[in-house]
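K.L.:
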Amino acid sequence: MEESQTRPLWRDQEIVIVPGRTEQQYLRDIWNFRELLIFLSWRDILVRYKQTTFGVCWAFLRPFITMITFTFVFGRLAKMQAPDDLPYPVLVLIGTVVWQLLSTALTLASQSLTTNASMITKIYFPRIIIPLSAMASPLVDFFINLVFLSTVMVYYRVVPSWNIVFLPFFFLLAILTAIGIGLWLGALTVRYRDFREVIPFLVQFGLFLSPVGYLSNVLPDKSRMLYSLNPVVGVIDGFRWCFLGQKVGFFPAGFLISTTVTFLVLAIGIRYFRNVERTFADVI
Numbered sequence: 017m018e019e020s021q022t023r024p025l026w027r028d029q030e031i032v033i034v035p036g037r038t039e040q041q042y043l044r045d046i047w048n049f050r051e052l053l054i055f056l057s058w059r060d061i062l063v064r065y066k067q068t069t070f071g072v073c074w075a076f077l078r079p080f081i082t083m084i085t086f087t088f089v090f091g092r093l094a095k096m097q098a099p100d101d102l103p104y105p106v107l108v109l110i111g112t113v114v115w116q117l118l119s120t121a122l123t124l125a126s127q128s129l130t131t132n133a134s135m136i137t138k139i140y141f142p143r144i145i146i147p148l149s150a151m152a153s154p155l156v157d158f159f160i161n162l163v164f165l166s167t168v169m170v171y172y173r174v175v176p177s178w179n180i181v182f183l184p185f186f187f188l189l190a191i192l193t194a195i196g197i198g199l200w201l202g203a204l205t206v207r208y209r210d211f212r213e214v215i216p217f218l219v220q221f222g223l224f225l226s227p228v229g230y231l232s233n234v235l236p237d238k239s240r241m242l243y244s245l246n247p248v249v250g251v252i253d254g255f256r257w258c259f260l261g262q263k264v265g266f267f268p269a270g271f272l273i274s275t276t277v278t279f280l281v282l283a284i285g286i287r288y289f290r291n292v293e294r295t296f297a298d299v300i
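Numbering follows the numbering used here, with no gaps: position 49 of the sequence shown is 65.
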């Protein structure tokens, strides 16, 4: 028999390891498991309102109560005024709607891995699907709140600015901010369970550290530069600028800082999540 017929086939094959191919395969796996992402997202939406008396009313009840509280505290007690006779409740409600989206999304994302521990220990799939699916129910709440916000604006006869066309950009920025922080906190919660107790405190602290009940322009420009290191500042200021236009002003330097911090947090969150992802099944 000739040598070509007896030689093992594997000798004719060459294995080439290409740098970066792992990440490409990971993205392909996410796409291949897209049905799992849809299923988990739909499950979370159903569970959120299952067996609740008020159902979707809870979605706008929380921002409504926050709007009333902050209007009283900042508008009545602290004597803060909205510019150009804008209704202070509208100003507060815009910030509240954005903050509820961010806080709820990152809280659910940070808890999602430990909540779905049984799936992680039994089957393979890109683990990032779990925190991404946790964003679904906050998104539903956000769109419900937009309807509520529109109703309040009609009541106060506030006409949206033409800047509203930029709203999708700031919406995407809000989602990226929530994903970046949520991935980072979610991975830390798996490795260090104490973070489950720390996250509610961080959310509560962030509520007052962000311009939800007031405008960020109450600070001098130098202080606003430092204040803008909080990525939520740029998102809330951007939403207000979209709805109310130049009446609330726009601070380009602060927005650039907040946006840079957002993408930095997103990159760090994804990188850290990918580095520790392979250990989840062992430590969870």
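From the three backbone atoms N, C-alpha and C, an ideal C-beta is built for every residue, glycine too.
The alpha helix (DSSP H) with residue 138 in it runs from where to where?
P.N.:
Here residue 138 belongs to no alpha helix (DSSP H), and DSSP marks it neither H nor E.
K.L.:
Note down the Cα distance separating residue 201 from residue 135, rounded to an integer number of angstroms.
P.N.:
Whole-angstrom Cα-Cα distance: 19 Å.
K.L.:
If you follow the alpha helix (DSSP H) that residue 220 is part of, which residue opens it and which one closes it?
P.N.:
Counting along the chain, the alpha helix (DSSP H) containing residue 220 begins and ends at 211-225.
K.L.:
Rounded to whole angstroms, what's the CA-CA distance from residue 83 to residue 51? Just pull it up for me.
P.N.:
Whole-angstrom Cα-Cα distance: 38 Å.
K.L.:
Here's a check: name, in chain order, each residue in its chain whose Cβ is nearer than 8 Å to the Cβ of residue 281, leaving out the five neighbours to either side.
P.N.:
These residues qualify, in order along the chain: 193, 196, 197, 200, 247.
K.L.:
Give me the Cα-Cα distance between residue 227 and residue 152, rounded to the nearest whole angstrom.
P.N.:
Answer to the nearest angstrom: the Cα atoms are 25 Å apart.
K.L.:
Looking at residue 175 and residue 102, is the spacing between their C-beta atoms short of 8 Å?
P.N.:
Cβ atoms of residue 102 and residue 175: not closer than 8 Å.
K.L.:
How about residue 240 and residue 299: do their beta carbons lie closer than 8 Å?
P.N.:
Not closer than 8 Å, so no.
K.L.:
Compute the Euclidean distance between the alpha carbons of residue 245 and residue 46, then round it to the nearest angstrom.
P.N.:
Roughly 32 Å separates the two Cα atoms.
K.L.:
Verify whether the separation of the beta carbon atoms of residue 279 and residue 129 is less than 8 Å.
P.N.:
Contact: no.
K.L.:
Taking residue 186 as the reference, which of 105, 61, 85, 113 has the closest Cα?
P.N.:
For residue 186, the nearest C-alpha among the options comes from 113.
K.L.:
Measuring CB to CB, does residue 149 end up less than 8 Å from residue 53?
P.N.:
Closer than 8 Å, so yes.
K.L.:
State buried or exposed for residue 269, treating a residue as buried only when at least 16 other CB atoms are found within 10 Å of its CB.
P.N.:
Residue 269 is exposed by the Cβ-count criterion.
K.L.:
Suppose the cutoff is 6 Å on Cβ atoms and the five residues either side in sequence are ignored; what does the same chain contact list for residue 17 look like?
P.N.:
Interpretation of residue 17 is limited by its pLDDT of 45, a score under 50 that renders its predicted location unreliable; the figure taken from the coordinates is listed afterwards. Hits under 6 Å: none found.
K.L.:
Three-state secondary structure (DSSP) at residue 17?
P.N.:
Any answer about residue 17 is weak, because its pLDDT of 45 lies below 50 and its placement is not dependable; what the coordinates show is given next. Of the three classes helix, strand and coil, the one that applies to residue 17 here is coil, per DSSP.
K.L.:
Quick one: grab the DSSP three-state call for residue 236.
P.N.:
The answer is coil: DSSP assigns residue 236 none of H, G, I, E or B.
K.L.:
With 16 other CB atoms within 10 Å as the buried threshold, where does residue 274 fall?
P.N.:
So residue 274 counts as buried.
K.L.:
I need the DSSP call for residue 96, collapsed to helix, strand or coil.
P.N.:
Residue 96: coil per DSSP, three-state reduction.
K.L.:
Have a look at 109, 124, 215, 144 and flag the residue whose alpha-carbon is nearest the alpha-carbon of residue 165.
P.N.:
Of the listed residues, the one whose Cα sits closest to residue 165 is 109.
K.L.:
Relative to the C-alpha of residue 155, which candidate in 55, 60, 242 has its C-alpha closest?
P.N.:
Closest by alpha carbon: 60.
K.L.:
Could you check where the alpha helix (DSSP H) with residue 180 kicks off and where it finishes?
P.N.:
Note, residue 180: premise wrong, no alpha helix (DSSP H); not H, not E.
K.L.:
Can you give me the start and stop residues for the alpha helix (DSSP H) that residue 51 sits inside?
P.N.:
Note, residue 51: alpha helix (DSSP H), 50-65.
K.L.:
Between the alpha carbons of residue 92 and residue 229, how many angstroms are there, rounded?
P.N.:
For residue 92 and residue 229, the distance between alpha carbons rounds to 12 Å.
K.L.:
Quick check: what's the CA-CA separation for residue 223 versus residue 119?
P.N.:
Cα-Cα distance, rounded: 9 Å.
K.L.:
From 257, 225, 105, pick the residue whose C-alpha is nearest to that of residue 243; which is it?
P.N.:
Nearest option by C-alpha distance: 225.
K.L.:
Within a Cβ cutoff of 8 Å, which residues of the same chain sit near residue 172, ignoring the five residues on either side of it in sequence?
P.N.:
The answer, listed in chain order, is 103, 105, 106.
K.L.:
Would you call residue 289 buried or exposed, if buried means 16 or more other Cβ atoms sit within 10 Å of its Cβ?
P.N.:
Per the 10 Å Cβ criterion, buried.
K.L.:
Alpha carbon to alpha carbon, what distance is there between residue 179 and residue 55?
P.N.:
Straight-line Cα distance between these residues: approximately 35 Å.
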